[in-house]
Amino acid sequence: MQDTRPILLANTDFPAITRNALSTLQINLGYLCNMSCVHCHVNAGPTRTEEMDSETADLLIEVLKRRSIGCLDLTGGAPEMNAHFRRIVKAARSMGVEVIDRCNLTILLQPGYEDLADFLAEQAVTVTASLPCYTEDNVEKQRGKGAYEESIEALQMLNRLGYGSDAKLKLNLVYNPVGPHLPPSQQALELDYKRELKQQHDIIFNSLFTITNVPIARFGAVLLAHHQYDDYLSLLKDNYASENLESVMCRDLISVDWQGNLYDCDFNQMLDIPMRDNAVTENQIKLVEKKHLRDLLQSDYASNAIRVADHCYACTAGQGSSCSGAL
69 MQDTRPILLA
79 NTDFPAITRN
89 ALSTLQINLG
99 YLCNMSCVHC
109 HVNAGPTRTE
119 EMDSETADLL
129 IEVLKRRSIG
139 CLDLTGGAPE
149 MNAHFRRIVK
159 AARSMGVEVI
169 DRCNLTILLQ
179 PGYEDLADFL
189 AEQAVTVTAS
199 LPCYTEDNVE
209 KQRGKGAYEE
219 SIEALQMLNR
229 LGYGSDAKLK
239 LNLVYNPVGP
249 HLPPSQQALE
259 LDYKRELKQQ
269 HDIIFNSLFT
279 ITNVPIARFG
289 AVLLAHHQYD
299 DYLSLLKDNY
309 ASENLESVMC
319 RDLISVDWQG
329 NLYDCDFNQM
339 LDIPMRDNAV
349 TENQIKLVEK
359 KHLRDLLQSD
369 YASNAIRVAD
379 HCYACTAGQG
389 SSCSGAL
């Protein structure tokens with residue numbers, strides 16, 4: 069697969085931004101996944117072997133104890149496939165930390181995970197589930213044959229447990245455009261999702277998050293292969309909205325990879341653009357050891373400069389985009 073980093077790391081005119089106080093840790097527990105989605109920016113799949121180990125999981129739990137982290141956002145791959153997923157969830161919930169499970173839905177039906185939905189409900193985990201469209205055809209274009217039917221079955225399972233109706237069991241869905249387009253209005257599309265899923269499958273959920281596809285990794289390679297990369301990047305830049313800078317997720321979130329290294333966001337993690345101290349220049353960064361979870365025991369890096377590149381325009385184009393949808 070062609071690497072898009074040389075293009076993305078060219079000189080950028082994206083504005084300089086800095087961190088606020090840390091409120092969310094987003095943890096990538098590994099790249100192993102039961103699916104291989106076209107839009108996946110981490111290139112996750114069934115053959116990936118990267119996985120957070122026990123020692124790093126222990127350190128994560130210690131950081132949660134030491135710092136006032138309000139939210140733990142677990143992602144992958146399929147985060148539930150990590151051997152330490154459940155003990156991390158239990159530890160965080162025992163501290164009153166909100167836990168978000170970024171679930172692909174189909175994992176709930178896989179052999180060995182039959183009790184996973186019950187576990188999520190017992191722990192009152194917020195499920196943020198990928199469903200790139202409410203129609204079968206569009207879902208299967210991104211996620212493969214059979215994905216839609218399995219996703220619907222999983223959503224119905226979650227509804228039976230109270231997700232979407234019980235105030236303690238939040239169920240959010242995530243929409244990604246099919247192809248090089250900006251998402252439509254989140255508010256209008258949420259109404260469409262709720263109407264169609266209720267009418268067709270008697271499914272309810274709390275909120276829809278529309279997320280702009282970022283031109284990196286698997287999606288970036290597809291754009292390059294179809295000679296659409298430059299046009300898509302121009303689309304993002306042409307629709308830049310400066311007001312979105314105040315709400316981008318990197319201001320109060322730190323992304324952590326499966327090895328414990330720190331990044332300003334999940335996309336920088338995939339491009340191997342690690343966090344840096346303000347005193348370190350871009351020319352010096354390769355000479356400096358990456359920031360690690362253990363460093364969060366000492367600092368939350370408030371006021372730290374956020375490392376930016378052209379892919380950051382995906383989060384600020386149009387209505388804006390974050391892991392919690394439009395800005």
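For the sequence shown, my numbering assigns the number 69 to the initial residue and increments by one for each residue that follows.
Ideal placement from N, C-alpha and C gives every residue a C-beta, glycine not left out.
The structure presented is a predicted model; accordingly, all values stated were derived computationally and were not measured.
Here histidine 360 carries a strand assignment [DSSP, helix/strand/coil]. Relative to the Cα of valine 324, the nearest Cα in the group Thr280, Lys358, Thr115, Leu301 belongs to Lys358. Here the stretch 372-388 makes no contact with the stretch 111-120; the two share fewer than three CB pairs at distances below 8 Å. Scanning the stretch 146-220 from its first residue to its last, the whole alpha helix (DSSP H) runs of 4-plus residues come out as 153-162, 184-190, 204-211. Going by C-alpha positions, lysine 213 is about 9 Å away from valine 207.
Between asparagine 240 and threonine 196, the CB-CB gap stays under 7 Å. Closest by C-alpha distance to isoleucine 271, out of Ala222, Leu132, Asp368, Pro251, is Ala222. From the listed residues Asn102, Ile220, Asn274, the smallest Cα separation to leucine 259 is found for Asn274. Rounded to whole angstroms, arginine 161 and valine 167 show a C-alpha spacing of 7 Å. The three-state reading of DSSP puts aspartate 298 in helix, counting H, G and I together.
Sequence-distant partners of serine 198 (beyond 5 residues in either direction) whose C-beta falls short of 6 Å from its own C-beta, in its chain, are Asn172, Val242. Under the 10 Å beta carbon count, lysine 266 is surrounded by fewer than 16 other beta carbons and is classified as exposed.
Excluding sequence positions up to five before and after cysteine 333, its CB lies within less than 6 Å of the CB of Cys318, Ser323, all in the same chain and listed in chain order. Residue nearest to phenylalanine 82 within the set His379, Ser392, Cys391, Ala394 is His379 (criterion: CA-CA distance). With at least 16 other beta carbons inside 10 angstroms of its own, arginine 170 counts as buried. Cβ neighbours of glutamine 268 within its own chain (closer than 8 Å, five residues either side excluded): Tyr202. In the DSSP annotation of this structure, the continuous segment of the beta strand (DSSP E) that includes cysteine 139 starts and ends at 139-143.
Serine 389 carries a coil assignment under DSSP once its states are collapsed to helix, strand and coil. Between isoleucine 95 and leucine 127, the gap from beta carbon to beta carbon reaches 7 Å or more. Counting C-beta atoms within 10 angstroms of its own C-beta, glutamine 224 has fewer than 16 neighbours from the protein chains shown and is therefore classed as exposed.
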